[in-house]
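Report on the structure given below.
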Amino acid sequence: MLTSTAFADETWQKAAGVGEYASANQDWAEIEAAAKKEGQVVIYSVSSRIAKLVDGFKEKYGIEIVGFDMPSDLQIEKLRREHKAGIHSV
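First residue of the sequence shown: -2, per the numbering used here; consecutive thereafter.
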């Protein structure tokens, strides 16, 4: 089970172009424009410090942050369930 989960995670990362498969040359202006179009950025964090970023980020970029402070094991489970349900919000 662990091997198949690791393979699925690697397959998803490769298809999504994230993690070690992310392009070294990212167009941050394009990323910022896409975030503004979506209206918010959702962040899962293992630190309560995420709350300190919200106001400054919105002031600087005009984009709302929805931050969740949760342990990494819960993040992984939440991401897997959302991905399986077709929810891609993070």
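Using N, Cα and C, we set each Cβ at its ideal position, and we do this for glycine too.
Buried versus exposed call for residue i [16 or more other C-beta atoms within 10 Å across all chains shown]
i, result
"V39", "exposed"
Between the CA atoms of residue j and residue i - distance to the nearest angstrom
i, j, result
"F54", "V15", "22 Å"
"S86", "E35", "10 Å"
"T8", "G59", "33 Å"
"G64", "S45", "9 Å"
"A19", "K11", "8 Å"
"M(-2)", "Q23", "Because the pLDDT of M(-2) is 48, which lies under 50, any placement of that residue in the model is unreliable, and the number read from its coordinates should be weighed accordingly. Using only the alpha carbons, I get a separation of about 34 Å."
"A31", "A13", "16 Å"
Residue i - partner residues in DSSP beta bridges
i, result
"D66", "S42"
"E61", "Q37"
Contacts around residue i, its chain only, beta-carbon distance under 6 Å, and the 5 residues preceding and following it disregarded
i, result
"V51", "I62"
"W25", "none"
Residues near residue i by beta carbon distance below 7 Å, same chain, minus five either side
i, result
"Q72", "Y41"
"P68", "V43"
Chain-order list of residues whose beta-carbon lies under 8 Å from that of residue i (same chain, five-residue window excluded)
i, result
"L76", "Y41, V87"
"E29", "Y58, I60"
"D6", "none"
"H80", "W9"
Integer-rounded CB distance, given that residue j should sit under 8 Å from residue i
i, j, result
"D66", "I47", "6 Å"
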